[in-house]
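Data first, discussion second: the structure below is written as structure tokens.
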DNA sequence: CGACACACCTGGATGC
DNA sequence: TGCATCCAGGTGTGTC
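Numbering (the UniProt record's numbering), first residue to last: 1 to 270.
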């Protein structure tokens with residue numbers, strides 16, 4: 001369930017358990033993730049102390065003096081810190097053994113995630129073409145408007161393009177467009193500056209709110225429990241095809257855009 | 001470049 | 001109950 005809020009929640013949850021800890025060993029049970037687990041995870045990481053955990057887009061960078069593991073959770077990945085004695089289960093692909101008797105355990109049924117390596121002083125190629133952080137100062141309605149002028153693609157696909165802005169996945173793209181009153185299939189180049197201002201504001205508001213709500217799942221990193229509960233109740237359109245729009249009562253519709261399900265209200269979004 | 005289809009993988013829900 | 005089909009929160013890659 002990793003969209004940007006979940007990745008940020010993961011970062012915050014891992015921070016107190018990892019920073020200052022030494023990695024003593026790395027156990028790879030299944031190396032074949034989206035890409036093979038980087039060799040450096042086993043040849044360089046053991047012995048290193050974690051200095052910080054950074055999030056860039058939906059990636060996590062675990063900084064050490066010798067380099068930084070670059071992690072992505074894909075569609076189904078999760079990271080937890082557990083006592084080393086807890087037996088690994090199906091799809092627990094990688095363990096980082098820590099110097100306090102715990103392990104950082106990576107579980108990912110679909111294996112779309114990855115564990116790569118960024119050498120000190122370099123920027124990993126996967127991070128090179130990313131757009132601005134949606135919660136940062138470089139992201140604004142004006143920025144979106146400027147970049148979109150010649151674009152014919154649907155505004156939803158534009159918003160989900162990680163070169164345009166990072167971190168907006170299928171759920172939050174639908175929710176932000178709904179909140180901004182913009183039809184997801186509208187050509188990106190035909191959205192006005194004013195409406196992009198609204199859209200940028202809604203993206204920020206919704207992501208920030210979700211991160212705030214994600215905070216309640218921090219305990220999961222020690223004792224796994226249920227899923228974060230914020231979305232089911234708080235989504236306005238995502239996954240609600242056929243159900244009434246919470247504002248106008250009209251039926252929420254579903255269409256496919258860019259091979260992804262897209263939900264919207266035809267009355268509230270133009 | 002931009003736009004788009006496809007690929008990667010497993011599991012859960014649904015339908016017959 | 002068993003089996004086929006469809007769908008899922010991401011994103012790099014290849015083609016036009």
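The C-beta atom is built at its ideal place from N, Cα and C for all residues, glycine as well.
Here the region 40-53 makes no contact with the region 105-114; the two share fewer than three CB pairs at distances below 8 Å. In its chain, beyond the 5 residues on either side, 162, 163, 164, 165, 166 have a beta carbon closer than 7 Å to the beta carbon of residue 131. In this structure residue 139 does not touch residue 188 by the C-beta definition: roughly 15 Å separates them, more than the 8 Å allowed. Taking a cut-off of 8 Å on C-beta distances, the region 4-14 does not touch the region 22-34, as fewer than three cross pairs fall below it.
A check of alpha carbon separations from residue 114 across 141, 126, 264, 192 identifies 126 as the nearest. Between the region 76-94 and the region 135-153, the count of C-beta pairs closer than 8 Å stays below three; the two stretches do not touch. Residue range 260-265 is occupied by the beta strand (DSSP E) that includes residue 261.
Taking 8 Å as the cut-off, the Cβ atoms of residue 86 and residue 66 do not count as close. Exposed is the label assigned to residue 90, since fewer than 16 other Cβ atoms lie within 10 Å of its Cβ. In this chain, the alpha helix (DSSP H) harbouring residue 15 covers 4-18.
The same chain holds no residue with a CB closer than 6 Å to that of residue 32 once the five nearest residues on each side in sequence are set aside. DSSP lists 72 as the bridge partner or partners of residue 114. Of the residues 199, 29, 10, 267, the one whose Cα lies closest to the Cα of residue 92 is 29.
Annotation: the continuous alpha helix (DSSP H) that includes residue 194 extends over 193-214. In the DSSP annotation of this structure, the continuous segment of the alpha helix (DSSP H) that includes residue 172 starts and ends at 170-180. The C-alpha of residue 54 is placed about 30 Å away from the C-alpha of residue 178.
Non-local beta-carbon contacts of residue 203 in its own chain, meaning distances under 8 Å to residues more than five positions away in sequence, involve 134, 139, 159, 165, 168, 172, 176 in chain order. Looking only at 235, 8, 198, 154, the smallest Cα-Cα distance to residue 259 is reached by 154. Here residue 155 carries a helix assignment [DSSP, helix/strand/coil].
Straight across, the Cα-Cα distance linking residue 58 with residue 250 is about 34 Å.
If you check the CB distance, residue 69 and residue 98 do not come in under 8 Å. Residues 33 of the same chain have their beta carbon placed closer than 6 Å to that of residue 111, with the five preceding and five following residues left out of the count. Annotated as distal: residue 38 and residue 147, with beta-carbon spacing of 8 Å or more.
When C-alpha distances from residue 184 are compared across 3, 214, 63, 270, the shortest belongs to 270. Checking the DSSP bridge columns, you'll see residue 107 partnered with 78, 92.
For residue 36, the beta-bridge partners assigned by DSSP are 32.
Annotation: the continuous beta strand (DSSP E) that includes residue 254 extends over 252-257.
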